[in-house]
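These notes concern the structure reproduced below.
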Amino acid sequence: MRAAGGFPHPLSVVCDNVRSLANVGMIFRVCDAVRVERLYLCGITGYPLVEGDPRPPWVAARAGREIAKTAIHTVGDVPWVYRQNAIGVVRELKERGTQIIALEQTIESVDYAQAGYHFPVCVVIGHERTGVEDPILELADLAVEIPMFGPGHSLNVAMAFGICAYEIVRRYLANAET
Numbered sequence: 010m011r012a013a014g015g016f017p018h019p020l021s022v023v024c025d026n027v028r029s030l031a032n033v034g035m036i037f038r039v040c041d042a043v044r045v046e047r048l049y050l051c052g053i054t055g056y057p058l059v060e061g062d063p064r065p066p067w068v069a070a071r072a073g074r075e076i077a078k079t080a081i082h083t084v085g086d087v088p089w090v091y092r093q094n095a096i097g098v099v100r101e102l103k104e105r106g107t108q109i110i111a112l113e114q115t116i117e118s119v120d121y122a123q124a125g126y127h128f129p130v131c132v133v134i135g136h137e138r139t140g141v142e143d144p145i146l147e148l149a150d151l152a153v154e155i156p157m158f159g160p161g162h163s164l165n166v167a168m169a170f171g172i173c174a175y176e177i178v179r180r181y182l183a184n185a186e187t
């Protein structure tokens with residue numbers, strides 16, 4: 010499901026404080042699969058090795074190794090950047106006219122399959138336990154959630170992102186054909 014000419018789809022992703030390096034690697038795989046414009050890794054979210062890496066060498070090496078293990082050769086194909094402050098990224102994108110979607114269960118969230126997406130879109134995913142932070146939720150244009158039918162109250166963050174990302178790209182491609 011590649012965009013025409015291999016160009017990215019108008020979809021960006023902000024990972025704010027995603028603590029699991031395995032989840033970060035899986036998010037890279039999904040971002041590659043759906044051809045995102047850019048992946049922003051923010052806060053405590055681990056990121057691959059970079060030249061002149063400011064992290065202690067053992068931290069950078071472990072992050073690079075663990076992300077690469079689940080990303081399976083996609084890190085180099087996904088445009089990504091590390092930014093300390095996710096709120097700043099979200100504000101910048103919003104000022105450029107990007108619709109900000111928080112993938113989060115809230116009292117106002119809507120079913121991801123019923124949501125109204127307006128492109129370009131940025132999906133914000135948060136910490137595995139505490140979710141998307143309130144200041145980002147306040148900036149979001151919309152919060153979406155995936156219905157849960159079993160006793161579990163949520164999905165793994167990388168899995169939830171994959172489900173939502175494919176729906177967003179499906180909608181974009183359907184609109185592009187009309």
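In the working numbering, the protein residues as written are 10 to 187.
By construction, the Cβ of each residue, glycine as well, lies at the ideal position given by its N, Cα and C atoms.
Computed from a predicted model, the values in this text were never measured in an experiment.
What distance in whole Å lies between the Cβ atoms of residue j and residue i, which are believed to be in contact at a cut-off of 8 angstroms?
{"i": "A124", "j": "V166", "result": "Not quite, the Cβ-Cβ distance comes to about 18 angstroms (not below 8 angstroms), so this is no contact."}
{"i": "V133", "j": "A122", "result": "Contact doesn't hold; Cβ gap of about 18 angstroms is too wide."}
{"i": "E113", "j": "N32", "result": "Not really, about 15 angstroms apart at Cβ, beyond 8 angstroms."}
{"i": "F128", "j": "Y181", "result": "6 angstroms"}
Quick one: using the 10 Å Cβ neighbour count with 16 as the cut-off for buried, is residue i buried or exposed?
{"i": "H18", "result": "buried"}
{"i": "D25", "result": "buried"}
{"i": "F37", "result": "buried"}
{"i": "N44", "result": "Note that residue 44 corresponds to Arg in the displayed sequence, not to Asn. Flag for R44 reads buried."}
{"i": "G85", "result": "exposed"}
{"i": "G171", "result": "buried"}
{"i": "T107", "result": "buried"}
{"i": "I147", "result": "Residue identity differs from the one stated: residue 147 is Glu in this sequence, not Ile. The residue is exposed, with fewer than 16 neighbouring Cβ atoms inside 10 Å."}
{"i": "I109", "result": "buried"}
{"i": "V27", "result": "buried"}
What number of angstroms, rounded off, separates the C-alpha of residue i from the C-alpha of residue j?
{"i": "P160", "j": "C173", "result": "21 angstroms"}
{"i": "V178", "j": "L20", "result": "8 angstroms"}
{"i": "M35", "j": "A80", "result": "5 angstroms"}
{"i": "A111", "j": "P65", "result": "32 angstroms"}
{"i": "T115", "j": "S163", "result": "12 angstroms"}
{"i": "G97", "j": "I145", "result": "10 angstroms"}
{"i": "S118", "j": "L151", "result": "7 angstroms"}
{"i": "L195", "j": "T83", "result": "The chain is shown only over 10 to 187; residue 195 falls outside these bounds and no answer can be derived."}
{"i": "G135", "j": "P63", "result": "23 angstroms"}
{"i": "R71", "j": "F158", "result": "37 angstroms"}
{"i": "R11", "j": "E186", "result": "Confidence in R11 is poor, its pLDDT being 38 and thus under 50, which makes the residue's placement unreliable; the coordinate value appears in the next sentence. R11 and E186: Cα-Cα distance of roughly 14 angstroms."}
{"i": "V130", "j": "I76", "result": "25 angstroms"}
{"i": "G2", "j": "N184", "result": "This structure gives no information on residue 2, because the portion of the chain shown stretches from 10 to 187."}
{"i": "E192", "j": "G73", "result": "The chain is shown from 10 up to 187; residue 192 falls before or after that span and cannot be answered."}
{"i": "T139", "j": "A69", "result": "25 angstroms"}
{"i": "A13", "j": "A42", "result": "Reliability of the predicted coordinates at A13 is poor, the pLDDT of 42 falling under 50, and the value obtained from them is presented with this limitation in mind. Each residue's Cα considered, the two are about 14 angstroms apart."}
{"i": "D120", "j": "Y126", "result": "12 angstroms"}
{"i": "F16", "j": "K78", "result": "26 angstroms"}
{"i": "V99", "j": "W67", "result": "30 angstroms"}
{"i": "V23", "j": "C40", "result": "11 angstroms"}
Establish whether the CB of residue i and some CB of chain C are separated by less than 8 angstroms.
{"i": "R105", "result": "Included in the structure is just one protein chain, with no chain C present."}
Give the list of continuous beta strand (DSSP E) stretches no shorter than 3 residues that lie fully inside the region 16 to 66. 20 to 25, 47 to 51
Does the contact criterion of 3 or more C-beta pairs under 8 angstroms hold for the region 56 to 75 versus the region 96 to 105? no
In chain order, which beta strand (DSSP E) runs of at least 3 residues are fully inside the region 130 to 175? 130 to 134, 151 to 154
Mind the definition here: the region 79 to 93 touches the region 40 to 56 only if three or more C-beta pairs lie below 8 angstroms; say whether that holds. yes
Runs of alpha helix (DSSP H) wholly within the region 71 to 127 (minimum 4 residues, chain order): 95 to 104
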